[in-house]
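What the sequence shown shows, in the working numbering, is residues 14 to 63, in sequence order.
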Amino acid sequence: SGHNISTTEVESALVSHPAVAEAAVVGRKDELTGQAIAAFVTLRGNVEGD
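Here you go:
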């Protein structure tokens, strides 16, 4: 709470990672702070999880 972060900034940071093919970030309600974000990420095909 107290920080203004745009969904575009977060999407840009996510897709700058070499393992990320696509990302979508949306705002959502949060009971504690009132606002939050949710990110949906598609990894590149040649990436294995840790």
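No residue lacks a Cβ here, since even glycine has one placed at the ideal position from N, Cα and C.
Collapsed DSSP secondary structure at residue i in the structure displayed
| i | result |
| --- | --- |
| residue 56 | strand |
| residue 22 | helix |
Nearest residue (CA-CA) to residue i, options the options
| i | options | result |
| --- | --- | --- |
| residue 39 | 52, 60, 32 and 33 | 52 |
| residue 19 | 44, 31, 50 and 28 | 50 |
| residue 56 | 26, 23, 17 and 31 | 31 |
| residue 27 | 59, 58 and 54 | 54 |
| residue 60 | 33, 29 and 17 | 33 |
Boundaries of the beta strand (DSSP E) in which residue i is found, first to last residue
| i | result |
| --- | --- |
| residue 40 | 33-41 |
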